[in-house]
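Each residue of the sequence shown is one higher than the one before, starting from 1 at the first, in the UniProt record's numbering. No residue lacks a Cβ here, since even glycine has one placed at the ideal position from N, Cα and C.
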Amino acid sequence: MTITQLTYVLAIAEHKNFTKAAEKCFVTQPTLSTQIQKLEEELSVLIFDRSKKPIELTEVGRKIVHQARNIVNESERIQDIVDQQKGFIGGEFRIGIIPTVMPTLLPMFLKAFIKKYPKVKLKIEELTTEDIIERIKDGHLDAAIAATPLESENIKERVLYYEPFVGYIPEHHRLYKKKTIDVSDLEIDDMLLLEDGHCFRDGVINLCKAFKDQTNESFQLESGSIETLIKLSNEGLGMTLLPYLHTLELSDKLVGNLHHFNAPSPAREVSIIYHKSELKMQIIDALHTVISGIIRGAIAFQNVKIISPLAK
Numbered sequence: 001m002t003i004t005q006l007t008y009v010l011a012i013a014e015h016k017n018f019t020k021a022a023e024k025c026f027v028t029q030p031t032l033s034t035q036i037q038k039l040e041e042e043l044s045v046l047i048f049d050r051s052k053k054p055i056e057l058t059e060v061g062r063k064i065v066h067q068a069r070n071i072v073n074e075s076e077r078i079q080d081i082v083d084q085q086k087g088f089i090g091g092e093f094r095i096g097i098i099p100t101v102m103p104t105l106l107p108m109f110l111k112a113f114i115k116k117y118p119k120v121k122l123k124i125e126e127l128t129t130e131d132i133i134e135r136i137k138d139g140h141l142d143a144a145i146a147a148t149p150l151e152s153e154n155i156k157e158r159v160l161y162y163e164p165f166v167g168y169i170p171e172h173h174r175l176y177k178k179k180t181i182d183v184s185d186l187e188i189d190d191m192l193l194l195e196d197g198h199c200f201r202d203g204v205i206n207l208c209k210a211f212k213d214q215t216n217e218s219f220q221l222e223s224g225s226i227e228t229l230i231k232l233s234n235e236g237l238g239m240t241l242l243p244y245l246h247t248l249e250l251s252d253k254l255v256g257n258l259h260h261f262n263a264p265s266p267a268r269e270v271s272i273i274y275h276k277s278e279l280k281m282q283i284i285d286a287l288h289t290v291i292s293g294i295i296r297g298a299i300a301f302q303n304v305k306i307i308s309p310l311a312k
């Protein structure tokens, strides 16, 4: 049994196809098939049910894949140890970022990070929190940036910053003339929200429910993007809440619709998260240092109350 064979097993389990797995592993399909056959012969079991389309894992195959993932991760730790000993920060690094963080945070740190660590090849994906958790657990992501706390087993969290919620309230709305707002002012009936699946949406719902017995049955409109929420609000269809960093790009005309909360301002906690196996920690440390250093110049709020992103 070899690490290479176990890597092939993981690739087939992911792609459910020998040809695609071979392409992923940069080998020919016959080479990959031969190695899998040798492994199955050595173990005297079938790992894959080849009669199914797409290919499926057998019952014992699922258990083997689970253990193979642990073994391959631990084998990669050896290279990690060597890299850290040499002070090397480089190589491919796969990172996921949630949609409500990606457009504001990425432009702030990416150029600075690439300049400081030119040997790191970042592969960045915009993913929901649910997808991020699964991909980190499956070993398909090295780390991610998401709203926390997530209370997810096997995942560690390191806080990057606290981002306050800001009310976006158009003219003629009942709260428009208030200089600052309280959480108790919010009415879920006239709140425009992101579509289901966004953790920022869940944070807003939790914020409203914390002070009033409100359900989400009477939502008027939902959208997939914060920009659309702003446009809908401008049409007089309700108010919305924005993450603070999104407010920095608004035009002077729209800034007049922003209303800050009275202290302590409700806020979300944004963290870099990664598997408890702590692979590629030197790159995670580098990302944390660069991002938290840059963000300190953008967010000066201290007195905040963290709102959970978990759906309740």
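Cβ-Cβ distance between residue 123 and residue 92 below 9 Å: By 1-based counting over the sequence shown, the position of residue 123 is 123. By 1-based counting over the sequence shown, the position of residue 92 is 92. Going by C-beta atoms, residue 123 is nearer than 9 Å to residue 92.
Three-state secondary structure assigned by DSSP to residue 243: On the sequence shown, residue 243 is found 243 positions in, with the first residue counted as 1. Three-state result, residue 243: strand.
Cα-Cα separation, residue 238 to residue 188: For the purposes of this step, residue 238 is taken as the residue at position 238 of the sequence shown. For the purposes of this step, residue 188 is taken as the residue at position 188 of the sequence shown. Rounded to whole angstroms, residue 238 to residue 188 spans 10 Å at the Cα level.
Range covered by the alpha helix (DSSP H) that runs through residue 59: As a working mapping, residue 59 is identified with position 59 in the sequence shown. Run containing residue 59: 59-86, per the alpha helix (DSSP H) assignment.
Close beta carbons around residue 99, own chain, < 6 Å, minus the five adjacent residues each side: Stepping through the sequence shown from its first residue, residue 99 is reached at position 99. Only 126 meet the Cβ criterion.
Under 9 Å between C-beta atoms of residue 316 and residue 42: Because the chain spans 1 through 312 in this model, residue 316 falls outside it and cannot be assessed.
For residue 297, the three-state DSSP class (helix, strand or coil): Numbered from 1 along the sequence shown, position 297 holds the residue referred to as residue 297. In the structure shown, residue 297 sits in coil (DSSP, three-state: anything other than H, G, I, E or B).
According to DSSP, residues forming a beta bridge with residue 11: Within the sequence shown, numbered from 1, the residue matching residue 11 stands at position 11. Answer by DSSP bridge pairing: none, since residue 11 is not bridged.
Closest Cα partner of residue 193 within the set 15, 184, 182 and 205: Locating residue 193 in the sequence shown gives position 193, where the first residue counts as 1. For residue 193, the nearest C-alpha among the options comes from 205.
Supposed contact pair residue 258 and residue 166 - C-beta distance, whole angstroms, cut 8 Å: Within the sequence shown, the letter at position 166 stands for residue 166. Within the sequence shown, the letter at position 258 stands for residue 258. Going by Cβ atoms, the distance from residue 166 to residue 258 rounds to 6 Å, so yes, they are a contact pair.
Chain-order list of residues whose beta-carbon lies under 7 Å from that of residue 154 (same chain, five-residue window excluded): Counting from one through the sequence shown, the residue named residue 154 turns up at place 154. Here the set comprises 137, 275 and 276.
Residue 289, buried or exposed, once every other Cβ within 10 Å from all chains shown has been counted against 16: Position 289 of the sequence shown, counted from the start, is the residue given in the question as residue 289. Exposed is the call here.
Where residue 263 falls: helix, strand or coil (DSSP): Looking up residue 263 in the sequence shown gives position 263. In this structure, residue 263 counts as coil in the three-state DSSP scheme.
As assigned by DSSP and simplified to three states, the class of residue 16: The count along the sequence shown starts at 1 and reaches residue 16 at position 16. In the structure shown, residue 16 sits in coil (DSSP, three-state: anything other than H, G, I, E or B).
Assigned secondary structure, residue 307 (DSSP; H/G/I helix, E/B strand, else coil): Here residue 307 corresponds to residue number 307 of the sequence shown, with the count starting at 1. Coil.
Residue 94 beta carbon less than 9 Å from that of residue 146: To locate residue 146, count along the sequence shown from 1; it is residue 146. To locate residue 94, count along the sequence shown from 1; it is residue 94. It is not a contact, given that the beta carbons lie outside the stated cut-off.
Length of the line joining the Cα atoms of residue 208 and residue 121: By 1-based counting over the sequence shown, the position of residue 208 is 208. By 1-based counting over the sequence shown, the position of residue 121 is 121. Looking at the two C-alpha atoms, the distance is approximately 41 Å.
Unbroken beta strand (DSSP E) run spanning residue 165, endpoints: Translated into positions along the sequence shown, residue 165 becomes position 165. Looking at the DSSP string, the run of the beta strand (DSSP E) that includes residue 165 is 155-168.
Residue from 291, 309 and 283 with nearest C-alpha to residue 201: Start at 1 with the first residue of the sequence shown, and residue 201 comes out as number 201. Among 291, 309 and 283, the Cα nearest to that of residue 201 belongs to 309.
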